[in-house]
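These notes concern the structure reproduced below.
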Amino acid sequence: MSCRFDVVTERTGLNSVKWDMAPKAYGCDDLIPMWVADMDFPPPDAVVEAVTKRAQLNFYGYEHLPESYVDSFCRWVEDRHHWAISRDWVTHSPGVVAGLSFAVQAFTRPGDQIVIQPPVYHPFFSVVERNNRVLVENELVVENGQYQIDFGHLEEAFAAGARAMIFCSPHNPVGRVWAKEELEQLAELVCRYDVLVLADEIWSDLTLPGHEHLSLAALGEDIASRCITFMAPSKTFNVAGFHLSNLVIPSQELRETYCQFLQRLSWGLTNTFAVQGAQAAYLYGAEWLDELRGYLKGNVEYTMGELAKRIPRIKVIPPEGTYLLWLDCRELPIPPAELNSFLAKEAGVALNDGKMFGKNGLGFQRMNIACPRQTIEKALQRMEEALKGQQA
Ligand SMILES: Cc1ncc(COP(=O)(O)O)c(C=O)c1O
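Residue numbering for the sequence shown follows numbering that gives the first Met the number 0, beginning at 0 and increasing consecutively.
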């Protein structure tokens, strides 16, 4: 039985980074873009209706972030993640990456060490390095068939003086939804060494059914006072173009520091359409989201099943969240440094090269499966065909 997510929608010509910039980025045409992390699905109808209705009101002057928006977000976090947050803790940024960069500038000093856990979302590297902070890499390790945090090495990094950590939860690109025990172990270290955590929880709503996200800051007051949690409607409802993200900062002192930083930037007002659309999403988007999560789970299972049949040398650890598959291509007969370009040019499939996510991403490709299943089928057929001619 087909559903709304099976419908293929034309997205070219909308200044889409994923669709319109792919030919230039990969140097070829006729690509199936499975790189940039947005979805080939329209957002919930309520979002489109809210934006349309607002557009017809004819006034587009300066707007502040209304309390009704913040309330809708707080209710969402409590309903979906069982974390009761106060309205006063919530502030915003024009995107999570921008917010991370603001936080790095507001809370740390040039030369400070900041921990990230590769393979990880590539802007984490640049947010640290472009702000002249020192990157400390605590690589994830694969143990018992799953990516895990290397707590021993993390403690060494904290003991050696790291001031802050950018924590990806759920984790892009490996798809981990961190378990309560792992979060508790992390919280214990963070509190013991008094580290500031920038918790990027942009994927929190997109766990696959059967996996529940828990916010690090929800574990207790001590850890909450050291956390800045980033959440957003962008990934959840496919509205990254709104450029509206939420920061949850329970500590009054940290909140004041962040607000002073925004004043120095002379930034703080919001976008008319983003506020209306995002509020509608938080108020009315829950059912759509649950349907989406079920569809994404089906896509994950379909893709893993087809890969096992068609290209068994590509291995995948089943993700627990996100709509990204982290393809282990190290057994393919193509040099890791050439594989991404080979897949684009010979198969017409645009994936993210694993090495973007850190040194331990070499030999991997990231595949975005948030698209109608028939698009995945076409991509896998193309990949199988292109790889057939390659000798082992
Ligand atoms: C972990 C993570 N953080 C942030 C972002 C992007 O956030 P924004 O578009 O709000 O800057 C992404 C996008 O894929 C992501 O995976």
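The beta-carbon is built from N, C-alpha and C at its ideal position, and this holds for glycine as well. Just so you know, these numbers come straight off a predicted model, no measurement behind them.
Cβ shell of residue i (< 7 Å), same chain only, five flanking positions each side left out
i           : result
residue 154 : 188
residue 15  : none
residue 18  : 10, 11, 32
residue 94  : 242, 244
residue 204 : 79, 235, 288
Cβ neighbour criterion (16 or more within 10 Å) applied to residue i
i           : result
residue 131 : exposed
residue 321 : buried
residue 200 : buried
residue 118 : buried
residue 319 : buried
residue 373 : exposed
residue 58  : exposed
residue 143 : exposed
residue 294 : buried
residue 2   : exposed
residue 369 : buried
residue 55  : exposed
residue 7   : exposed
residue 353 : buried
residue 258 : exposed
residue 266 : exposed
residue 98  : buried
residue 279 : buried
As assigned by DSSP and simplified to three states, the class of residue i
i           : result
residue 351 : strand
residue 34  : coil
residue 363 : strand
residue 58  : coil
residue 339 : helix
residue 289 : helix
residue 320 : strand
residue 142 : strand
residue 107 : coil
residue 266 : coil
Residues near residue i in its chain [Cβ-Cβ closer than 6 Å; skip 5 each side]
i           : result
residue 192 : 157
residue 217 : 82
Closer than 7 Å: residue i CB and nearest ligand 1 heavy atom
i           : result
residue 201 : yes
residue 413 : Residue 413 cannot be examined here, being either before or after the span of the chain that is shown, 0 to 391.
residue 231 : yes
residue 320 : no
Spatial neighbours of residue i in its chain, beta-carbon cut-off 8 Å, leaving aside the 5 residues before and after
i           : result
residue 150 : 184, 185, 188
beta-carbon residue i near ligand 2 non-hydrogen atom, thresh 7 Å
i           : result
residue 239 : As for ligand 2, it is missing from this structure, which binds only ligand 1.
Check: Pairing CB atoms from the stretch 205 to 212 with CB atoms from the stretch 62 to 75, are three or more of them under 8 Å?
Finding: no
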